[in-house]
Structures are given as C-alpha cells and as structure tokens.
Amino acid sequence: MFVYFIVRCGDIRSWNSLSDIILDSSKDEKNRCSFPQSCSKPKSASAIGISSFTIPQPFKMSLRETHQRPQFLKSQALLEKESTAYKRQLQEAAECQKQFRAQPVPAHVYLPLYQEIMEKNEIRRQMETQKRKELLVSMQKPFSFQIKEEKRKEATRQQFLNILTPAKKIVPKFRKKIPKSTYESMLGDKLEEAELLRKIRIQLRAKELLEESWAPNELDHKQRDKKSQIASKNREQKLSFLQGNFSFKPRINTSVPNFEELYWAFQRKVLTKQEIKETTRNKPFRLRTANLSCRHKMCDKMMDFQQPSTAPIQRSRSFNCLSALSANTLPIYITDAVRKRAGAIKLFQENKKYKENEGARWAELQRKKCQAIHKSVICRAKAMDPHKSLKETHKEKLKQNWQNGQKRTREYKKELEEMKMRVKNRPYLFEQVTTHSACQGAQKLFKDTLQQCGLNEEFVRKKGRETTDTVEKQQQFESKRNPKFQSDTEADIIKQLSQEGLKRLELK
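For the record, in the sequence shown the residue sitting at position 37 is 37 according to full-length UniProt numbering, with numbers rising by one throughout.
Right under this line is the structure:
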C-alpha cells in the first residue's frame, strides 16, 4: 500500500529510491543464498530477533506498471518506427521461409531450325539417289552385240585414221662414236699447241700482207699525216673520260647575240645577192576553140548536170601566213605562166570528173530505155496473145493445184504407213544377232559332223539335190491327185526345221 500511495502521489524520487532499496535487498538475498551451507553458522534466537526487520515487497500490479511505464513515455514516431521495423522483420522472415525453384528450359530451344532440317534432308536424299544410281550402273551389264559393235567401229575408225595419216619413215639415228684420242691424257696439251700454232700463222700472214700492201697513189704524205692526226683526235675524244688533267679549257661567251638584227642583216644580204629575172612577155594569139561544135555541146551538158556546190570556199593558207608576218617582208608576185598553169590543171581536173560521171549517166539512160522497151513488149504480147485471159484460167489452176496437193498428202501417208509397218515387222537387233549366231553355230556343227564322219560338202549337196528332185516329183504327182497335200507337206517341213534348230541351240 505504501508503494502504491507513493506512486499515486507521483513522488518519483522516493519511488526510485524505494526501487533501489528493493533491488539491493533482492541482490543481498541472492548473495546470501549463494553462500554454501558449510560456511553458514547457526545463530542463536537472541541474535535473530535483534537483526530481523520487515522489508515490504512490491505487488505484481506495481511491477507490471513499472514495465509498462516506459512504453507510455515513448513518442508516437518511435512507436511507428518500431512497428514498421517489426513488420519488416516479419516480411523478411516470411520471404526467407519461401522456397524458390528455376523453371525448366523450353523444348523448342533444343530443336534446330526448319531451314537447316530441310537442307540436311535434301543433302541426304541426293546422296542416297547418287548411291542408288551408282549401284544400278555397277549392276548393269551391256549386251554382247553392243560390245562387238563398238569394237568393230573402233577398229574401222583406227584403220581410217591410219590410211589418212601419212606413214612417217622412221630413220634410225646413228650416233657418232667418240674418238679414242679424246680419252688420252695428252689431249689438252695437243689442243693448246694447235691453238698456239694457229695464232703464230695468223701473225705471220698479217705481217706478209702488210709488207706486200701499199697506200693508194692519190694519198700524199700530207694527207696521210692529216688522217693520222684526225684518228688521234678522234681517239682522244673517245677516251677523254679516262684523262684526269685536261689541257683544253673552253672560253665561255657571256654576251647574248641579238637574233633580230642578225635576221634582218641576213635578209638584206639575200636581197643584194638576188638576181632579178625578166618577166616573160607573151605575144597575142588567137584561139579557134569557139569554132568547134563538140566542145559547145559538152559544155552545155556539163552545165545541165552540174549542181551548185554547198561546200564553203576555203581560203588559201598562203595569204594567212602572209598576214601573220611582219610588214617588212617582201611581197610575192604571181607570174602569167603560173596563172596559166593553174588554169590548165583546173580544166584537166574538171574534164576528168566529167568523164567519171559520164559512165553513171550512160547507165541511167540505158536503164530507162530498158524499162520503156519492157513495157511496150508486155503491152504488145497481151494484145497478140491468142490464149485465154488470167481470170478465166485462175479457177482451173486453183482446182488443179488443190488436187495435186491432195494426191501428194495421200502418197505421203501411204509411204509413212509402209515405213511404220516395216519398222513394226522388223525383228529387234538382239533377235537378229541371236538368229545370226544360231545359224553360224548350226553351220559350224554341220561342218564338224561331216568332218568327223569323213564326208565332203559337195557329196552331200549332190545327194541332197537328187533326193529333193525325187521328193518334188512325188509331191507334184500327189498334188495333182490331192491339192491339200502340198500345203500340209510344206508346213511339216517348216516345223521339222524349226524343231531341229531349237534342239541344236539347246545342245550348244
């Protein structure tokens, strides 16, 4: 009650001191209890009564309030902070308790692309088809007659090539034997001696020729000296690059000449030296070409056929060159002879052109004349023709042409059908080969049997003819009596022959 009263009054200090006392007392009790019993001595009753005093213990309600008191003193912000931290801890604990597991990889990741699958299938299909083809080709065997035919063609082709190609004469090559003297030990010395002798002979011959020769009569001592000097000078010039100290030192002229003054001085010198020729003076003359009639006609024709030229007249280059020169140049005078010569050349060229065009004009006139004659001939032929006109004969010709075309088509169809029948009835090549081989085998077997029996083919032929003659006579005699017997006998003979051929083939 005392503690409750203090708390109700709000005396915090007294409450704190009281709480400290209570806590100290509780500690003392704990310490007291912690000592061992062996150390505790039994006390007397008087000592217990003197030292004992009552310490009030707090109620549970007061203890609960002491624990709840700090919570009431906390601020609202701290409470909210604690609540949020508590909630966060709960959430983290819940998250930690969760179990995670990764999703499996989708199946389409492991599958290849559709295009790659198709490409692989195509490659595999091609490889399989190629293998099957190779297997079939390896299993296939050609016919024997095909191999024989190919060999025969190859042989004929080789023969044809051998005939065409000229036979080259193979000339055997004979190698010359190496002389034994080459293998001798003294061969090198002999060759050197021969070479030395040859050089000595050359030198002696050269000396003899020099002694016998002499210079030409025209050359004097002075000319010889000059030539020798020139040769020495040329030699020095050629071999000048070998010299170190040159005796000649050229003098360089530093002054530049005036080329314009030199040019005009040269022109004046030419004028002084030029010889002035007198001009040609022509006498008057009279031409009689106007009296010639053929000339007038030719000129008229030329004027008729001549067309005005559209090309521009080119200016002569000589005048352009003169204008470019300076004013001090000398003028050029054209003489009468030059002018007449130019006129004659021009006239000659015109006549030449006229003659060239005359052939073309003559051909054109002839063509026109031929056309006119052709027209007149056609008109006269039509007028003098006693036959019918083209309109009357047109229908008949059309009908005749149609009939001819129909006839040709029928003949073509007939020939085509005959060709088809021949091809259809003709046996195959392998059948022909088999029959031919069978015939050859039968003939060979027949010859072998005859040889074994010791008979001859001529003897057999004679006997066969005699028997066939007798058989034919009997058949003729019986056919007269009974005509059906002939057909029966022929059929029997054919059957017998076929059976014998089959037996021989089987035996072979």
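Think of the CB as a built atom: it goes at the ideal place given N, C-alpha and C, for glycine as much as any other residue. All values reported here derive from a predicted model rather than from experimental measurement.
Open item on the list: Just to confirm before moving on: does the CB-CB distance between T272 and D336 stay below 8 Å?
Closed with: Numbered from its first residue, the sequence shown carries residue 272 at position 272. Numbered from its first residue, the sequence shown carries residue 336 at position 336. Contact: no.
TODO: Using a Cβ cut-off of 8 Å (strictly closer), state whether Q140 contacts chain C.
DONE: Annotation note: the requested chain C is absent from the structure, which comprises a single protein chain.
Open item on the list: Which of the three DSSP states is assigned to F100 in this structure?
Closed with: Start at 1 with the first residue of the sequence shown, and residue 100 comes out as number 100. Reduced to three states, the DSSP call for F100 is coil.
Open item on the list: Does the region 126-140 come into contact with the region 421-433, if we say contact requires no fewer than three beta-carbon pairs (one atom in each stretch) closer than 8 Å?
Closed with: no
Task: Assigned secondary structure, Q140 (DSSP; H/G/I helix, E/B strand, else coil) - done: The residue given as residue 140 occupies position 140 in the sequence shown. If DSSP states are grouped into helix, strand and coil, Q140 belongs with coil.
Open item on the list: Does the structure place the region 399-407 close enough to the region 99-114 that three or more beta carbon pairs sit under 8 Å?
Closed with: no
Open item on the list: Under 8 Å, with one C-beta from each stretch per pair, do the region 138-150 and the region 429-436 reach the 3-pair mark?
Closed with: In short, these stretches touch, since the Cβ pair count reaches three.
TODO: Measure how close the beta-carbons of E457 and L450 come, nearest whole angstrom, since I'm counting them as under 8 Å.
DONE: Start at 1 with the first residue of the sequence shown, and residue 457 comes out as number 457. Start at 1 with the first residue of the sequence shown, and residue 450 comes out as number 450. Rounded, the Cβ-Cβ distance is 7 Å, consistent with contact.
Open item on the list: Could you tell me the alpha carbon to alpha carbon distance between Q126 and Q115, rounded to whole angstroms?
Closed with: Position 126 of the sequence shown, counting from 1, holds the residue named residue 126. Position 115 of the sequence shown, counting from 1, holds the residue named residue 115. About 17 Å.
TODO: Look up R281 in the DSSP assignment and say whether it is helix, strand or coil.
DONE: Position 281 of the sequence shown, counted from the first residue, corresponds to residue 281. Correct three-state label for R281: coil.
Task: E458 - DSSP class collapsed to helix/strand/coil - done: Sequence index remark: in the sequence shown, residue 458 carries index 458 (1-based). Note: E458 maps to helix in three-state DSSP.
Task: For T156, the three-state DSSP class (helix, strand or coil) - done: As a position in the sequence shown, residue 156 is number 156, starting the count at 1. DSSP places T156 in helix when its eight states are reduced to three.
Open item on the list: Given this structure, state the Cα-to-Cα distance separating L164 from L455, to the nearest angstrom.
Closed with: Against the sequence shown, residue 164 aligns to sequence position 164. Against the sequence shown, residue 455 aligns to sequence position 455. In a straight line, the C-alpha of L164 is about 48 Å away from that of L455.
Open item on the list: At the level of alpha carbons, what is the spacing between L239 and A206?
Closed with: For the purposes of this step, residue 239 is taken as the residue at position 239 of the sequence shown. For the purposes of this step, residue 206 is taken as the residue at position 206 of the sequence shown. Roughly 27 Å between the two C-alpha positions.
Task: Spatial distance of Q89 from Q97 (CA atoms) - done: Residue numbering aside, residue 89 sits at position 89 when the sequence shown is read from its first letter. Residue numbering aside, residue 97 sits at position 97 when the sequence shown is read from its first letter. Rounded to the nearest angstrom, the two C-alpha atoms are 12 Å apart.
Open item on the list: Quick check on T84: does DSSP put it in helix, strand or coil?
Closed with: As a working mapping, residue 84 is identified with position 84 in the sequence shown. Three-state result, T84: helix.
Open item on the list: Just to confirm the assignment, what range does the alpha helix (DSSP H) spanning E431 have?
Closed with: Start at 1 with the first residue of the sequence shown, and residue 431 comes out as number 431. Taken as a continuous stretch (DSSP letters only), the alpha helix (DSSP H) holding E431 covers 429-453.
TODO: Helix, strand or coil for E275, going by three-state DSSP, please let me know.
DONE: Numbered from 1 along the sequence shown, position 275 holds the residue referred to as residue 275. Of the three classes helix, strand and coil, the one that applies to E275 here is coil, per DSSP.
Open item on the list: Between the alpha carbons of K277 and V270, how many angstroms are there, rounded?
Closed with: Stepping through the sequence shown from its first residue, residue 277 is reached at position 277. Stepping through the sequence shown from its first residue, residue 270 is reached at position 270. Cα to Cα, the separation comes out at about 15 Å.
- [ ] Have a look at K151 and F160 and give me their C-alpha separation to the nearest angstrom.
- [x] In the sequence shown, the residue the question calls residue 151 occupies position 151. In the sequence shown, the residue the question calls residue 160 occupies position 160. Their Cα atoms are separated by approximately 14 Å.
Open item on the list: Taking only three categories from DSSP, how would you classify V256?
Closed with: On the sequence shown, residue 256 is found 256 positions in, with the first residue counted as 1. Reduced to three states, the DSSP call for V256 is coil.
- [ ] Over the uninterrupted alpha helix (DSSP H) stretch that includes I200, give me the two end residues.
- [x] Walking along the sequence shown from the start, residue 200 turns up at place 200. Unbroken alpha helix (DSSP H) run through I200: 187-212.
- [ ] Rounded to whole angstroms, what's the CA-CA distance from F348 to R339? Just pull it up for me.
- [x] Sequence index remark: in the sequence shown, residue 348 carries index 348 (1-based). Sequence index remark: in the sequence shown, residue 339 carries index 339 (1-based). Going from the Cα of F348 to the Cα of R339 covers about 14 Å.
TODO: For N121, name the three-state secondary structure that DSSP assigns.
DONE: If you number the sequence shown from 1, residue 121 lands on position 121. The answer is helix: DSSP assigns N121 an H, G or I state.
Open item on the list: Measuring only the C-alpha atoms, how far is L416 from K407?
Closed with: Walking along the sequence shown from the start, residue 416 turns up at place 416. Walking along the sequence shown from the start, residue 407 turns up at place 407. If I take the Cα positions, the gap works out to 14 Å.
Open item on the list: Cutting at 8 Å between CB atoms, please list the residues of its own chain near H374, excluding the five before and the five after it.
Closed with: In the sequence shown, the residue the question calls residue 374 occupies position 374. For H374, where only same-chain residues beyond five positions count, there are no Cβ hits under 8 Å.
- [ ] Taking only the alpha-carbon atoms, compute the straight-line gap between K369 and V377 and give it to the nearest angstrom.
- [x] Counting from one through the sequence shown, the residue named residue 369 turns up at place 369. Counting from one through the sequence shown, the residue named residue 377 turns up at place 377. Distance between the alpha carbons of K369 and V377: 12 Å.
Task: Own chain, CB closer than 6 Å to G359, minus 5 neighbours either side, in chain order - done: Numbered from 1 along the sequence shown, position 359 holds the residue referred to as residue 359. Within the same chain, G359 has no close Cβ partners at all.
Task: Spatial distance of K283 from G343 (CA atoms) - done: Position 283 of the sequence shown, counted from the first residue, corresponds to residue 283. Position 343 of the sequence shown, counted from the first residue, corresponds to residue 343. Their Cα atoms are separated by approximately 18 Å.
Task: DSSP-derived helix/strand/coil call for L262 - done: Position 262 of the sequence shown, counting from 1, holds the residue named residue 262. In the structure shown, L262 sits in a helix (DSSP, three-state: H, G or I).
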